[in-house]
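Trainee: Take a look at this one; I'll ask things after.
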Amino acid sequence: AQSVTQPDIHITVSEGASLELRCNYSYGATPYLFWYVQSPGQGLQLLLKYFSGDTLVQGIKGFEAEFKRSQSSFNLRKPSVHWSDAAEYFCAGGSGYSTLTFGKGTMLLVSP
Amino acid sequence: NAGVTQTPKFQVLKTGQSMTLQCAQDMNHEYMSWYRQDPGMGLRLIHYSVGAGITDQGEVPNGYNVSRSTTEDFPLRLLSAAPSQTSVYFCASSYTTSWNYGYTFGSGTRLTVV
Chain R
1 AQSVTQPDIH ITVSEGASLE LRCNYSYGAT PYLFWYVQSP GQGLQLLLKY FSGDTLVQGI
61 KGFEAEFKRS QSSFNLRKPS VHWSDAAEYF CAGGSGYSTL TFGKGTMLLV SP
Chain G
113 NAGVTQTPKF QVLKTGQSMT LQCAQDMNHE YMSWYRQDPG MGLRLIHYSV GAGITDQGEV
173 PNGYNVSRST TEDFPLRLLS AAPSQTSVYF CASSYTTSWN YGYTFGSGTR LTVV
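Protein sequences, first through last, are from chains R and G.
With my numbering applied, the first sequence covers 1 to 112.
With my numbering applied, the second sequence covers 113 to 226.
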């Protein structure tokens, strides 16, 4: 079955440290992959997307993600985390004309 | 442009009551969908529509009805509310069924059923 998995429920990172949030997918064909961010009480905002071409994609707010077919992964990275990055992050995927499937989310906590 | 507008933002219902959650978009998006978000469950698809007059079920459709009479509107109806439907509901839209555009989300409706 097509699925998206986020192995980490919570992650705590010190402000200024680097960040990597994990996302694994299970799709037969090349998937479309997305990362969304949700601040408390808000809707979801698109950070970045991958659907073809360069495997390293740049997004908003200094985030990037790398598509690795061999590892079935699409991990989100940021070189230096700011306190305002504290939020919940969702990886999502689709293939062909299927509907989008979301992971269960990773809550990012930023410590001073 | 307003994007995706959801109303109401908050609602409390008694068990057995019915209500309609409204969703409207002004971007001429063909695709619209409803998700529910529960702690530790991520977002789960309830119903979706690929155009006016066309709807289909998602992962968790039971207890919900939808219709799509216009491109702009995609209301979600709860026929007889149950405590298990306490959740945050998000409406999302996209240009087409090709996902390279990503979704635009509304700000959500927080529903409590007592």
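Just so it is clear, CB atoms sit at the ideal spot from N, CA and C, and this is done for glycine as well.
Can we say the segment 123 to 139 of chain G touches the segment 48 to 57 of chain R, given the rule of at least three CB pairs closer than 8 Å?
Mentor: With a cut-off of 8 Å, the segment 48 to 57 of chain R and the segment 123 to 139 of chain G do not count as touching, because too few Cβ pairs lie within range.
Trainee: Can you find a C-beta in chain R that's less than 8 Å from the C-beta of residue 202/G?
Mentor: Interface residue, yes.
Trainee: Using CA coordinates, which residue listed in 28/R, 36/R, 70/R, 77/R is at the minimum distance from residue 87/R?
Mentor: Taking only the C-alpha atoms, the option nearest residue 87/R is 36/R.
Trainee: Excluding the five sequence neighbours on either side, which residues of its own chain have a C-beta within less than 6 Å of the C-beta of residue 24/R, listed in chain order?
Mentor: Counting only Cβ-Cβ distances below 6 Å, and skipping sequence neighbours, we find 5, 72, 73.
Trainee: Does the beta-carbon of residue 104/R have 16 or more other beta-carbons within 10 angstroms, so that it is buried, or is it exposed?
Mentor: With 16 or more other Cβ atoms within 10 Å, it is buried.
Trainee: Short of 6 Å in beta carbon distance, which residues of its chain neighbour residue 80/R, apart from the five on each side in sequence? Order them along the chain.
Mentor: Excluding sequence neighbours, residue 80/R sits near 16.
Trainee: Count the other CB atoms, across all protein chains shown, that sit within 10 Å of the CB of residue 29/R; report buried if there are 16 or more and exposed otherwise.
Mentor: Residue 29/R is exposed by the Cβ-count criterion.
Trainee: Can you find a CB in chain R that lies within less than 8 Å of the CB of residue 220/G?
Mentor: Answer yes: the Cβ-Cβ gap between residue 220/G and chain R drops below 8 Å somewhere.
Trainee: Tell me the rounded alpha-carbon separation between residue 137/R and residue 34/R.
Mentor: Missing from the structure shown is residue 137/R; chain R here goes from 1 to 112 and no further.
Trainee: Do we get a CB-CB distance below 8 Å when we pair residue 42/R with the residues of chain G?
Mentor: Yes, contact with chain G.
Trainee: Please list the terminal residues of the continuous beta strand (DSSP E) segment that includes residue 10/R.
Mentor: From DSSP, the beta strand (DSSP E) with residue 10/R extends over 10 to 14.
Trainee: List the endpoints of the continuous beta strand (DSSP E) containing residue 65/R.
Mentor: That run of the beta strand (DSSP E) goes 64 to 68.
Trainee: Just to confirm my understanding: we take residue 187/G, look at its own chain, exclude 5 residues before and 5 after, and list those with CB closer than 6 Å. What are they?
Mentor: Excluding residues within five positions, the ones whose Cβ falls inside 6 Å are 132, 134.
Trainee: Within the continuous beta strand (DSSP E) that includes residue 60/R, where are the two ends?
Mentor: Note, residue 60/R: premise wrong, no beta strand (DSSP E); not H, not E.
Trainee: Nearest to residue 206/G by alpha carbon, out of 140/G, 176/G, 191/G?
Mentor: Closest by alpha carbon: 140/G.
Trainee: Which bits of chain G does residue 104/R rub up against, with CB to CB less than 7 Å?
Mentor: Going along chain G in sequence order, the residues near residue 104/R (Cβ under 7 Å) are 152, 153, 154.
Trainee: Cβ of residue 208/G within 8 Å of Cβ of residue 147/G?
Mentor: Taking 8 Å as the Cβ cut-off, residue 208/G and residue 147/G do not qualify as a contacting pair.
Trainee: Looking at the secondary structure, which residues open and close the beta strand (DSSP E) in which residue 172/G lies?
Mentor: Element bounds for residue 172/G: n/a, residue is neither H nor E.
Trainee: Distance check for residue 77/R and residue 43/R, CA to CA, integer angstroms please.
Mentor: Approximately 21 Å, taken between the alpha carbons.
Trainee: Sort 215/G, 158/G, 164/G by Cα distance to residue 177/G and report the nearest one.
Mentor: Of the listed residues, the one whose Cα sits closest to residue 177/G is 158/G.
Trainee: Here's a check: name, in chain order, each residue in its chain whose Cβ is nearer than 6 Å to the Cβ of residue 171/G, leaving out the five neighbours to either side.
Mentor: 156, 157.
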